[in-house]
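*Asks:* Sending over a structure as structure tokens; questions will come in a sec.
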Amino acid sequence: MRGLAAIACASFLTAAGCDSTTPLGQEMGGAGAGGGVAGATASPSGAGGGSGAPSAGGPVTDPGAGGLRAGLQANGSIAYVRNK
Amino acid sequence: MRSVRGRWLALGVAAISLAGSTRSDGATFQREQVEISAPLLPDVLMLYQPFPTTLDGEKALAENGVYTYDQLLNECAATYPAITLTPLSSADIATNYDTVAECAHDAHNAKPYWTPKLIADVDLCGSKLGAGWRLISEDDLATFVDNDYQFIHDTLAGVGDPNTWGPLYFGLTVWLRAHDGTIGVGTLEPGVAAGQRITMRNLDAGTEALQLPIALRCIRRTDLP
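The following block contains the structure:
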């Protein structure tokens, strides 16, 4: 799920049309404020999202362009988003 | 007896709460951002001095004798041309990581040899990295699952030459705070049974620097909407 649809799903969690089987990482996909991982260390925009994530626990390994790029950061930290 | 207005208010609050915590499939919507810092590194020439006898002395040692990765990165960039401050590709970041270790060792006497009592007594993570950062805890290890450990491991795979600085500076054996508040050592490596992640406990009293490759990494976990 990408773009505006993803933003809608992320912002209004019960919005119709959200694919309940979409992995979290894809649900966060797309660019634009509110659509991604807000407050990510490597990104002033808070935008982002991408593909791939375990369904329960563990990291979203590839949040995608525009936001936090999971992995080794410029400040030496290992950063990622995980499902709790 | 609750008023009609009060009941509507309660229903509204419940509806908002439900919308903010539940996805369309009814599953709980909870994520968090995990950051695990690069190791803090002490200047061992300072650490090898007689251990301070007061807490203020320990805090001064932490203030003056402990480097953050950012400090080393910026100071080393002047003399280590392999370091690239910006822009940074993934390859640049990996090279920086390795080069900072070399510079830390050669130019700053900064090695991952820690005095346990200093870790126990001083909030090194908070004071050096800022609000929200803390020492990795036994609780952190308990809440991580195999995917977390695998991701952490994979992120550092290929970073740091295994024949030189890598294992010494960037290993996944880490200092931690145990459930009982004492300082111990554990591992972030994947494939370790839950009951075997803590390898040393109750080290608080130690005032001698341990010359072991145990990284002092900090953690910050931020809930996401």
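Line by line, the protein sequences are chains D and R.
For the first sequence, our numbering assigns the number 27 to the initial residue and increments by one for each residue that follows.
For the second sequence, our numbering assigns the number -7 to the initial residue and increments by one for each residue that follows.
All C-beta atoms, glycine included, are put in the ideal place defined by N, C-alpha and C.
1. Can you say whether D215 (chain R) is buried or exposed, counting buried as having 16 or more other CB atoms within 10 angstroms of its CB?
2. Could you give the C-beta distance for A102 (chain R) and Y59 (chain R), rounded to a whole number, given that I count them as a contact under 8 Å?
3. Note the first and the last residue of the continuous alpha helix (DSSP H) segment covering E50 (chain R).
4. In chain D, which residues lie with their C-beta within 9 Å of the C-beta of T29 (chain R)?
5. Between the Cα of L121 (chain R) and the Cα atoms of R:T156, R:R212 and R:V26, which residue gives the shortest distance?
6. Suppose contacts are defined by Cβ-Cβ distances below 9 Å. Is V218 (chain R) in contact with F162 (chain R) by that definition?
7. Between the Cα of Q188 (chain R) and the Cα atoms of R:E130, R:I75 and R:C210, which residue gives the shortest distance?
8. At 9 Å on the CB atoms, spell out the chain D contacts of Y89 (chain R), in chain order.
9. May I have a chain-ordered list of the alpha helix (DSSP H) segments no shorter than 4 residues that lie completely inside the region 69 to 144 of chain R?
10. Can you give me the start and stop residues for the beta strand (DSSP E) that Y161 (chain R) sits inside?
11. As a quick exercise: from R:D115, R:T156, R:E27 and R:Y40, pick the residue whose alpha carbon is nearest that of A93 (chain R).
12. Flag L133 (chain R) as yes if its beta-carbon sits less than 9 Å from any beta-carbon of chain D, otherwise no.
13. Give me, in chain order, the residues of the same chain whose beta-carbon lies closer than 7 Å to that of D138 (chain R); leave out the 5 immediate sequence neighbours on both sides.
14. Would DSSP call T147 (chain R) helix, strand or coil?
15. Within 10 angstroms of its Cβ, does N109 (chain D) collect 16 or more other Cβ (buried), or is it exposed?
16. From this set, R:I111, R:Y105 and R:Q63, which residue's C-alpha is nearest N88 (chain R)'s C-alpha?
17. Start and end of the alpha helix (DSSP H) containing V282 (chain R)?
18. Hey, could you find the ends of the beta strand (DSSP E) A100 (chain D) is sitting in?
19. Relative to chain D, which residues along the region 82 to 106 of chain R have a C-beta separation below 9 Å, given in chain order?
20. Classify N66 (chain R) as helix, strand or coil using the three-state DSSP reduction.
21. For V26 (chain R), go through chain B and note every residue whose CB falls closer than 9 Å to its CB, in chain order.
22. Along chain D, in chain order, which residues have C-beta atoms closer than 7 Å to that of A61 (chain R)?
23. Might you give, ordered along the chain, the residues of its own chain that have their beta carbon closer than 6 Å to the beta carbon of R23 (chain R), omitting 5 neighbours on each side?
24. May I have the straight-line CA-CA distance separating A134 (chain R) from A149 (chain R), to the nearest angstrom?
25. Scan the region 144 to 155 of chain R for residues whose Cβ lies nearer than 9 Å to a Cβ of chain D and list them as they occur along the chain.
26. Quick check on S119 (chain R): buried or exposed, where buried means 16 or more other Cβ atoms within 10 Å of its Cβ?
*Replies:* Put simply:
1. Position 223 of the second sequence, counted from the first residue, corresponds to residue 215 (chain R). By the neighbour-count rule (16 or more Cβ atoms within 10 Å), D215 (chain R) is not buried but exposed.
2. Numbered from its first residue, the second sequence carries residue 102 (chain R) at position 110. Numbered from its first residue, the second sequence carries residue 59 (chain R) at position 67. Correct: roughly 5 Å between the Cβ atoms.
3. Translated into the one-based positions of the second sequence, residue 50 (chain R) becomes position 58. That run of the alpha helix (DSSP H) goes L47 to G57.
4. On the second sequence, residue 29 (chain R) is found 37 positions in, with the first residue counted as 1. In the sequence under discussion, the amino acid at residue 29 (chain R) is Ser, which differs from the Thr named in the question. By Cβ distance, chain D contributes N101, G102, S103 and I104.
5. In the second sequence, counting from the first residue as 1, residue 121 (chain R) sits at position 129. Comparing Cα-Cα distances from L121 (chain R) to each of R:T156, R:R212 and R:V26, the minimum goes to R:R212.
6. Nothing about residue 218 (chain R) can be reported from this structure: the residues present for chain R run from -7 to 217 only.
7. Translated into the one-based positions of the second sequence, residue 188 (chain R) becomes position 196. Cα-wise, what sits closest to Q188 (chain R) is R:E130.
8. Position 97 of the second sequence, counting from 1, holds the residue named residue 89 (chain R). Chain D residues near Y89 (chain R): L98 and G102.
9. Every alpha helix (DSSP H) of 4 residues or more that sits fully in the region 69 to 144 of chain R is shown, in chain order, as 82 to 100, 108 to 113, 116 to 121 and 130 to 135.
10. Here residue 161 (chain R) is taken as the residue at index 169 of the second sequence, counted from 1. No beta strand (DSSP E) holds Y161 (chain R); the alpha helix (DSSP H) holding it covers G158 to F162.
11. In the second sequence, residue 93 (chain R) corresponds to position 101, counting from 1. The alpha carbon of A93 (chain R) has as its nearest neighbour, out of R:D115, R:T156, R:E27 and R:Y40, the alpha carbon of R:T156.
12. Taking the first residue of the second sequence as 1, we reach residue 133 (chain R) at position 141. Not closer than 9 Å to any Cβ of chain D, the Cβ of L133 (chain R) fails to qualify, so no.
13. Residue mapping note: residue 138 (chain R) aligns to position 146 of the second sequence, counting from 1. These residues qualify, in order along the chain: P182.
14. Indexing the second sequence from 1 puts residue 147 (chain R) at position 155. Looking at T147 (chain R) - three-state DSSP - the assignment turns out to be helix.
15. For this step, residue 109 (chain D) is matched to residue 83 along the first sequence. When all chains shown are included, N109 (chain D) counts as buried.
16. For the purposes of this step, residue 88 (chain R) is taken as residue 96 along the second sequence, with counting starting at 1. Nearest option by C-alpha distance: R:Q63.
17. Any answer about residue 282 (chain R) is impossible in this case: the structure gives chain R only from -7 up to 217.
18. Residue 100 (chain D) sits at position 74 when you count from the first residue of the first sequence. No beta strand (DSSP E) contains A100 (chain D), which DSSP labels as neither H nor E.
19. Cβ contacts with chain D: S82, D84, I85, A86, N88, Y89 and V92.
20. Reading the second sequence from its first residue, position 74 is the one you call residue 66 (chain R). Three-state DSSP puts N66 (chain R) in a helix.
21. Considering every chain present, this structure includes no chain B. Its protein chains are D and R.
22. Reading the second sequence from its first residue, position 69 is the one you call residue 61 (chain R). Rather than Ala, the amino acid found at residue 61 (chain R) in this sequence is Tyr. Per Cβ cutoff of 7 Å: N101 and G102.
23. Indexing the second sequence from 1 puts residue 23 (chain R) at position 31. Hits under 6 Å: L216.
24. For the purposes of this step, residue 134 (chain R) is taken as residue 142 along the second sequence, with counting starting at 1. For the purposes of this step, residue 149 (chain R) is taken as residue 157 along the second sequence, with counting starting at 1. Here the alpha carbons of A149 (chain R) and A134 (chain R) stand approximately 23 Å from one another.
25. I144, D146, T147, L148 and V151
26. Indexing the second sequence from 1 puts residue 119 (chain R) at position 127. With fewer than 16 Cβ atoms within 10 Å of its Cβ, S119 (chain R) is classed as exposed.
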